[in-house]
Amino acid sequence: MVSTAAALEPASQPEELKTLIQRHSATLSTQLQAHHLSTFPPNAEKGIRNFSPAETAKLIGITEGYLRQVAAEIPDVSTVSGGGRRSYSVDAIHTIRKFLDSGARGSRRYLPWRADSEDLQVITVMNFKGGSGKTTTTAHLAQYLALKGYRVLAIDLDPQASLSALFGHQPEIDVGPNETLYGAIRYDDERRPIAEIVRATYIPDLHLIPGNLELMEFEHDTPRALMNRSPGDTMFFARIGQALAQVQKIYDVVVIDCPPQLGYLTLSALTAATSVLITVHPQMLDVMSMSQFLAMTGDLLDEISRAGASSQFKWMKYLITRFEPSDGPQNQMVAFLRSIFGEHVLNHP
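Position one of the sequence shown corresponds to residue 1 (our numbering), numbered consecutively onward.
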């Protein structure tokens, strides 16, 4: 009969934790790539559906009647389905905007590009806790602003690269070395102009800087750079702002999806920000986590301001996400947040 002690002993020496993790990582990565290639051909590109006349008119800010009048003046600007239904592609909407703007004498009603005297707006979307809808909010905000006629740059600053995936870029397949924002803010001679890593998307005037695990290199490099810093070197908190200055003339808004942690990347993004959008799921655990997040963020921003950090900050808002109107505790939590933060909590239009 086998003793209890013998039964509890492993049949063989267990695999080292680091080896097991590395093996599982390699296997999972290989299988995910195979699944991606079997689902999407190598030449597949993500796209966006056409818009109905009502949707198109609303996006541009005109009536459907005026849209029909304008469309009649632009050859082949609309698509007619087999059932005779007319629709407009996102490229067609952009063409109509440019056509209307040319006749509006630069009023910026249809192409609301910022004037040279106006500052580039940098919106950082952040939260400490996963599941708050941070990345989804970033994607929707960038897409909406671009559809409304603004020139938008979306930056995936999260090494998990979920924003990149939403735009059709798989971080392990489509994003190579030095092709994330790290390539533009790194400390060594391999740093490259930010314009070289910007990618087009399926929406005109919406561009993307993708992310992947390479972004973690900035977190590892910065302590060493601080120890070896020479006079005149750009501090870590100013590096994203310095990179954005290279392309600020060609964009109206930059939207940054921050990682769910308070590292050097997040602090650099906050220093570059003119606006901060904090996503919050109205549950007690999420709000408790946000409380800690706010406390740590305030302390760290105080520290880097003493080291010379300055910002062009204009506003901070809280966005309630994944809200269930029929959920009593969630309604109570939203009311609680509004009682504390007032107008800083965004309302549905």
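Cβ coordinates follow ideal geometry from the N, Cα and C atoms, glycine included. Treat the numbers as computed from the prediction; the structure is a model and nothing was measured.
{"Query": "Three or more C-beta pairs below 8 angstroms linking the region 251 to 266 and the region 122 to 141", "Result": "yes"}
{"Query": "Helix, strand or coil at residue 275 [DSSP, three-state]", "Result": "strand"}
{"Query": "For residue 288: DSSP bridge partner residues", "Result": "Beta-bridge pairing links residue 288 to no other residue."}
{"Query": "Rounded separation between residue 225 and residue 96 - CA only", "Result": "49 angstroms"}
{"Query": "Sub-8 angstroms separation of residue 311 and residue 273 beta-carbons", "Result": "yes"}
{"Query": "Limits of the beta strand (DSSP E) - the one that residue 317 falls within", "Result": "315 to 320"}
{"Query": "Residue 79, DSSP secondary structure in three states", "Result": "strand"}
{"Query": "Continuous alpha helix (DSSP H) stretch holding residue 220: start and end", "Result": "216 to 227"}
{"Query": "Secondary structure of residue 181, DSSP reduced to three states", "Result": "coil"}
{"Query": "Spatial neighbours of residue 168 in its chain, beta-carbon cut-off 6 angstroms, leaving aside the 5 residues before and after", "Result": "46"}
{"Query": "Rounded separation between residue 103 and residue 50 - CA only", "Result": "25 angstroms"}
{"Query": "Identity of the residue in 219, 319 and 200 nearest residue 141 by Cα", "Result": "319"}
{"Query": "Exposure of residue 227, with buried meaning 16 or more beta-carbon neighbours within 10 Å", "Result": "exposed"}
{"Query": "Residues of its chain near residue 15, where Cβ-Cβ distance is below 8 angstroms and the 5 sequence neighbours each way are ignored", "Result": "23"}
{"Query": "Alpha carbon of residue 185 to alpha carbon of residue 294, nearest angstrom", "Result": "26 angstroms"}
{"Query": "Of the residues 344, 301 and 313, the one placed nearest residue 275, counting alpha carbons only", "Result": "313"}
{"Query": "Whole-Å CB distance - residue 354 paired with residue 139, under 8 angstroms assumed", "Result": "One cannot answer for residue 354 here, as it falls past the ends of the chain, which runs 1 to 349."}
{"Query": "Residue 189 to residue 212 span [Cα, whole Å]", "Result": "21 angstroms"}
{"Query": "Proximity winner among 155, 285 and 137, relative to residue 209 (alpha-carbon distances)", "Result": "155"}
{"Query": "CA nearest to the CA of residue 240, picked from 271, 291 and 147", "Result": "271"}
{"Query": "Minimum C-alpha distance to residue 73 - residue among 99, 161 and 283", "Result": "99"}
{"Query": "Contact under 8 angstroms by Cβ, residue 281 with residue 338", "Result": "no"}
{"Query": "Collapsed DSSP secondary structure at residue 264 in the structure displayed", "Result": "helix"}
{"Query": "Boundaries of the alpha helix (DSSP H) in which residue 283 is found, first to last residue", "Result": "Taken as a continuous stretch (DSSP letters only), residue 283 belongs to no alpha helix (DSSP H), as it is neither H nor E."}
{"Query": "Cβ neighbours of residue 237 in the same chain (closer than 7 angstroms, five flanking residues each side left out)", "Result": "267, 268, 271, 304 and 309"}
{"Query": "Backbone CA spacing between residue 31 and residue 117 [nearest angstrom]", "Result": "51 angstroms"}
{"Query": "Backbone CA spacing between residue 333 and residue 298 [nearest angstrom]", "Result": "23 angstroms"}
{"Query": "When 175, 54, 59 and 81 are compared against residue 110, the one with the closest alpha-carbon", "Result": "59"}
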